[in-house]
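Trainee: Shown below is the structure under consideration.
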Amino acid sequence: MTKTVYQQHGQHAVILLHAYTSTPDDFTGLARELTKHGYTIYAPTLSGHGTDDPADIFKYDIEDWLADGREALDFIRSEGYERISIFGLSLGGIVTTALAMENDDLASFGTFSSPVMISDRDDISGQFKQWFKAGKVEQGLSQQAAEQEATQAIEQLKHVTQQLNEFKTDLIPAYKNYIGDIFVGQGAQDQLIDPEHARQFVDELKQATVTFKWYEDGGHVITIGAVGRKLRVDVKEFLDNLG
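Under full-length UniProt numbering, the sequence shown has 111 at position 111, and the numbering climbs by one with no breaks.
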């Protein structure tokens with residue numbers, strides 16, 4: 001079931017956009033930390049995510065997820081918030097980056113383990129297949145039938161990846177002109193995307209004020225566990241220190 005987390009605690013609103021195949025649960029700890037210190041949190045579920053059928057994810061694409069992000073921004077503005085920061089994990093970070101490039105009034109934005117550059121070392125197929133198969137088994141399919149559908153889904157995933165790369169190809173030239181505060185977080189042990197995305201992204205941000213955090217023990221989902229606890233402190237400090 002889809003859900004939206006909305007917790008009003010202060011005048012600075014923070015929008016959180018989750019990873020591909022995931023939900024706002026990615027941000028449970030971070031949201032708790034920020035609300036405790038007076039930040040308002042808004043974390044929507046991206047289209048096609050958080051449903052009973054994993055195949056629903058293929059009904060949507062990056063343009064839909066970008067529309068979800070725009071809708072989140074519009075909603076928070078309609079609630080009267082003028083000071084807004086937006087962060088995203090993995091796919092969510094691609095969306096937040098695109099939103100930042102078209103909204104120069106944001107207080108800040110940030111990416112966590114986000115493939116905002118292009119690399120042939122990214123490979124989420126193994127994790128995706130496991131997730132898809134588990135979802136189909138939960139629907140009631142046999143292991144064999146679920147395996148077959150998951151294998152077929154990998155072919156569809158290739159189209160998603162191709163479209164994302166085309167989207168990023170158009171987006172990347174804007175990085176060098178962005179002026180603003182950016183938080184970039186990346187785990188060195190990321191097995192799903194090339195960790196060097198983060199360094200390359202920072203190099204492209206010629207005019208931005210960048211806070212770059214490299215988590216040596218971090219995997220892909222750096223918002224949870226021991227690394228997640230470090231990230232929460234770093235993000236809060238970043239937000240507290242904005243001009």
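By construction, the Cβ of each residue, glycine as well, lies at the ideal position given by its N, Cα and C atoms.
So residue 165 and residue 118 are supposed to be a Cβ contact under 8 Å. How far apart are they, rounded?
Mentor: Right, the Cβ-Cβ distance comes to about 5 Å (below 8 Å), so this counts as a contact.
Trainee: Which same chain residues, not among the five before or five after residue 228, have their C-beta less than 6 Å away from its C-beta?
Mentor: These residues qualify, in order along the chain: 29.
Trainee: In terms of alpha-carbon separation, which member of 120, 103, 68 and 49 lies closest to residue 26?
Mentor: Ranking the options by Cα distance to residue 26, first place goes to 49.
Trainee: Taking the alpha carbon of residue 175 as the point to measure from, which residue in 216, 209, 195 and 149 has its own alpha carbon closest?
Mentor: If we check each option's Cα against that of residue 175, 209 comes out closest.
Trainee: I need the straight-line Cα distance from residue 168 to residue 116, nearest angstrom please.
Mentor: So the alpha carbons of these two residues sit roughly 7 Å apart.
Trainee: Restricting to runs no shorter than 4 residues, where is the alpha helix (DSSP H) found entirely within the segment 13-70?
Mentor: Listed in chain order, the complete alpha helix (DSSP H) runs (minimum 4 residues) inside the segment 13-70 are 28-36.
Trainee: Rounded to whole angstroms, how far is the Cβ of residue 9 from the Cβ of residue 113, which I believe are closer than 8 Å?
Mentor: That belief does not hold up - the Cβ atoms of residue 9 and residue 113 are roughly 26 Å apart, past 8 Å.
Trainee: Taking contact to mean at least 3 C-beta pairs separated by less than 8 Å, is the segment 77-97 in contact with the segment 3-21?
Mentor: They touch, by the three-pair rule.
Trainee: May I ask you to report which of helix, strand or coil DSSP gives residue 142?
Mentor: Correct three-state label for residue 142: coil.
Trainee: Just confirm the distance between the C-beta atoms of residue 31 and residue 7, as a whole number of angstroms; I'd bet it's less than 8 Å.
Mentor: That belief holds up - the Cβ atoms of residue 31 and residue 7 are roughly 7 Å apart, short of 8 Å.
Trainee: So, helix, strand or coil for residue 121, using DSSP?
Mentor: Looking at residue 121 - three-state DSSP - the assignment turns out to be coil, as it is neither helix nor strand.
Trainee: Taking 6 Å as the cut-off, is the beta-carbon of residue 74 closer than that to any non-hydrogen atom of the ligand SAM?
Mentor: Of ligands this structure carries none, so the ligand SAM is not represented either.
Trainee: Using the C-alpha atoms, what's the distance from residue 21 back to residue 136?
Mentor: Going from the Cα of residue 136 to the Cα of residue 21 covers about 14 Å.
Trainee: Could you compute how far the alpha carbon of residue 133 sits from the alpha carbon of residue 185?
Mentor: Using only the alpha carbons, I get a separation of about 30 Å.
Trainee: Is it buried or exposed, residue 232, if we count other Cβ atoms within 10 angstroms and call 16 or more buried?
Mentor: The residue in question, residue 232, is buried, as its Cβ has 16 or more Cβ neighbours within 10 Å.
Trainee: Using a Cβ distance threshold of 8 Å, determine whether the segment 64-75 contacts the segment 98-108, with at least three qualifying pairs required.
Mentor: As far as the Cβ criterion goes, the segment 64-75 touches the segment 98-108, which means the pair count is three or higher.
Trainee: Please identify the residue among 51, 77, 83 and 45 whose C-alpha is closest to the C-alpha of residue 91.
Mentor: Among 51, 77, 83 and 45, the Cα nearest to that of residue 91 is on 45.
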